[in-house]
Amino acid sequence: MTDAPPSGRAPIWGVAADARSTLGIAPRSTWARWERDGRLPRSGEGSGFGVDFRADLAQQAEAGLRTLRWTIDWARLEPIEGRWDTGAVDLIGEILRAARHLGIEVWAVLHDGDLPGWFGDDTGGFDDDTGLRRVWPRHVDRVAEAFGDLVSAWIPVLDPFDSARRSHLEGTRPPGRRSEEDFGDHLMALHLASHEALRLLRSGDIPVVCCIDAEPTVAGVRSREPGERAVAVARADRIDRFRYGSWIRTLRDGVVSIPGRAEREIDGLAGGYDVIGFTQRGARTVFADGTDGPHPADTTTAPDGNTPWTEGLGITLRRLADEQLHRPIALLGTGLTAREDPWRVETMQGTGLELRRAVDDGVALTHAFWETAVDGWTPDCGLEVPTGFIDRDRNPRPSAAVIRALADGSGRLTP
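Take the sequence shown: its letter number 157 is residue 192 in the working numbering, and every next letter is one higher.
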């Protein structure tokens with residue numbers, strides 16, 4: 036699965052969604068209190084996947100989408116420390132077995148934002164050394180033992196930069212902190228959590244995938260002040276160093292390097308991840324005063340705040356290829372949250388074109404995941420704005436024909 040495709044071969048297409056999108060927020064999750072207090076929109080049962088997963092997976096398989104990126108929700112599995120919920124264990128196992136039966140490979144995410152309340156709220160989560168070094172490894176081992184024979188790839192931590200930014204810098208996700216120092220510390224903790232999981236999982240035969248949450252960031256100016264561009268460039272470079280550069284140091288040198296923190300060299304980390312994974316949902320312009328905006332400037336901002344720019348995917352893919360890390364690349368997530376399906380069609384078409392061009396240029400892109408198939412929940416829009424190419428009544432939109440064409444590699448990208 037991790038071999039690079041021959042030049043000119045389209046990547047394997049799949050769909051992606053987190054557990055909150057598909058099942059709703061777990062009742063004992065660190066996000067549950069915010070939902071109850073109205074600080075996050077009601078999630079209900081998410082897309083209804085917990086009830087309709089067999090039909091949903093069959094619909095995915097029929098469309099030729101052979102992979103699924105999905106989160107094994109820790110807060111649902113272990114709502115009380117040391118006690119796994121048998122209903123959740125059974126449901127997750129049934130979902131994974133149903134996918135396997137239909138020929139769908141599941142790329143399992145272990146952490147993508149929320150945690151069990153007893154771990155994240157009561158004991159400090161990853162920011163506590165005991166949580167990072169003892170509790171988290173115990174969970175990783177247990178999940179691998181329970182579900183490893185049904186999983187085709189492991190993604191230890193999804194979108195670490197975005198998770199730390201929203202939860203510890205902007206305060207828009209639990210625990211709601213607004214501190215540059217806390218942000219850097221938590222980002223370091225998430226990187227270490229990913230690497231700790233890698234250490235445990237790499238002993239098996241299942242590939243382990245890192246996740247770089249990429250977002251091309253460019254400097255912008257609003258005046259003719261001579262020093263404005265230099266300040267904006269410095270800001271953009273610093274953001275890129277947090278988002279992207281830290282991962283390149285890890286993948287090439289085996290060093291965990293977060294700006295403002297002491298570097299840590301970890302034995303076996305260089306070359307440790309089997310696949311270079313990344314997500315990308317837009318691009319951003321950063322100004323000297325610290326504010327930002329979309330890039331390009333005329334790009335429409337989606338309801339969830341993302342600014343889809345498909346040409347940026349090609350830029351990131353070639354940048355990763357130029358790093359010469361000598362491992363396959365996977366696009367772990369891109370998509371559009373919007374009511375306008377013609378916009379979704381246009382974004383899919385542009386995405387498919389950019390990925391195909393990159394592969395034709397020799398980029399070792401093996402897999403691509405679209406977010407999402409069925410409309411689900413998002414923290415920015417709840418259940419109000421469509422996220423998928425299939426609505427919650429399981430009716431395909433015109434964009435479903437485009438993703439089908441991408442999956443079969445036909446090149447027929449009109450709905």
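Glycine included, each C-beta is placed from N, C-alpha and C at the ideal position.
Straight-line Cα distance separating residue j from residue i
i	j	result
residue 100	residue 387	14 Å
residue 221	residue 262	32 Å
residue 224	residue 112	22 Å
residue 403	residue 428	25 Å
residue 430	residue 409	9 Å
residue 442	residue 98	7 Å
residue 411	residue 423	7 Å
residue 172	residue 107	15 Å
residue 347	residue 251	7 Å
residue 37	residue 401	Any reading at residue 37 needs caution, since the residue's pLDDT is 43, under 50, leaving its predicted position unreliable; the model's value is listed next. Cα to Cα, residue 37 sits roughly 7 Å from residue 401.
residue 339	residue 416	6 Å
residue 275	residue 196	10 Å
residue 200	residue 426	30 Å
residue 186	residue 95	17 Å
residue 110	residue 260	51 Å
residue 61	residue 55	7 Å
residue 78	residue 265	43 Å
residue 257	residue 219	29 Å
residue 418	residue 47	29 Å
residue 280	residue 213	23 Å
residue 176	residue 122	20 Å
residue 1	residue 420	With the chain covering 36 to 450 only, the question about residue 1 has no answer from this structure.
residue 40	residue 72	Note that residue 40 scores 43 on pLDDT, short of 50, meaning its location in the model is unreliable and no value can be drawn from it.
residue 303	residue 289	7 Å
residue 444	residue 438	10 Å
residue 164	residue 69	25 Å
residue 405	residue 384	12 Å
residue 341	residue 82	21 Å
residue 295	residue 284	15 Å
residue 182	residue 246	21 Å
residue 124	residue 137	20 Å
residue 154	residue 305	29 Å
residue 286	residue 354	14 Å
residue 254	residue 350	16 Å
residue 436	residue 105	22 Å
residue 158	residue 49	36 Å
residue 209	residue 162	14 Å
residue 452	residue 156	Summary: the structure shown does not reach residue 452, with the chain confined to residues 36 through 450, and so no result is reported for it.
residue 450	residue 120	Note that residue 450 scores a pLDDT of 49, beneath 50, so its modelled location is shaky; the value from the coordinates is reported in the next line. Distance between the alpha carbons of residue 450 and residue 120 is about 43 Å.
residue 114	residue 291	31 Å
Rounded distance between the beta-carbons of residue j and residue i, thought under 8 Å
i	j	result
residue 394	residue 45	7 Å
residue 141	residue 193	That pair is no contact at about 14 Å.
residue 317	residue 344	6 Å
residue 293	residue 226	7 Å
residue 314	residue 367	5 Å
residue 473	residue 322	Since the first and last residues shown for the chain are 36 and 450, residue 473 lies out of range.
residue 337	residue 390	In fact, because the Cβ distance is near 20 Å, the residues do not count as touching under 8 Å.
residue 152	residue 160	Residue 152 to residue 160, Cβ: 10 Å. No contact.
residue 399	residue 364	6 Å
residue 414	residue 58	Their Cβ separation, rounded to whole angstroms, is 14 Å, which puts residue 414 and residue 58 out of contact at 8 Å.
residue 134	residue 190	Not a contact, Cβ separation roughly 16 Å.
Residue i, buried or exposed, once every other Cβ within 10 Å from all chains shown has been counted against 16
i	result
residue 180	exposed
residue 231	buried
residue 53	buried
residue 248	buried
residue 278	buried
residue 455	Here the chain covers residues 36 to 450 and nothing more, so residue 455 does not appear.
residue 407	buried
residue 330	buried
residue 170	buried
residue 382	buried
residue 238	exposed
residue 397	exposed
residue 369	buried
residue 168	exposed
residue 432	buried
residue 118	exposed
Given 8 Å, three or more beta-carbon pairs between the stretch 305-315 and the stretch 229-242: yes
The stretch 356-366 contacting the stretch 375-383, beta-carbon criterion three pairs below 8 Å: no
contact_flag[the stretch 126-134, the stretch 85-98] where n(CB pairs < 8 Å) is 3 or more: Yes: at least three Cβ pairs fall under 8 Å.
Sufficient close CB pairs (3 or more, under 8 Å) joining the stretch 317-329 to the stretch 284-301: no
Three CB pairs or more closer than 8 Å across the stretch 326-337 and the stretch 196-212: Judged by Cβ distances under 8 Å, the stretch 326-337 makes no contact with the stretch 196-212, as fewer than three pairs qualify.
Three or more C-beta pairs below 8 Å linking the stretch 144-155 and the stretch 57-70: By the Cβ test, the stretch 144-155 is in contact with the stretch 57-70, since at least three Cβ pairs between them sit closer than 8 Å.
Runs of beta strand (DSSP E) wholly within the stretch 167-250 (minimum 3 residues, chain order): 188-192 and 244-249
Length at least 3, wholly inside the stretch 277-356: the beta strand (DSSP E) runs in chain order: 310-315, 319-321 and 327-329
Any alpha helix (DSSP H) of 4 or more consecutive residues that is wholly inside the stretch 54-82: 54-58 and 67-71
Any beta strand (DSSP E) of 3 or more consecutive residues that is wholly inside the stretch 102-156: 102-106 and 140-146
3-residue-minimum beta strand (DSSP E) runs that sit fully inside the stretch 352-415, ordered along the chain: 364-370 and 400-406
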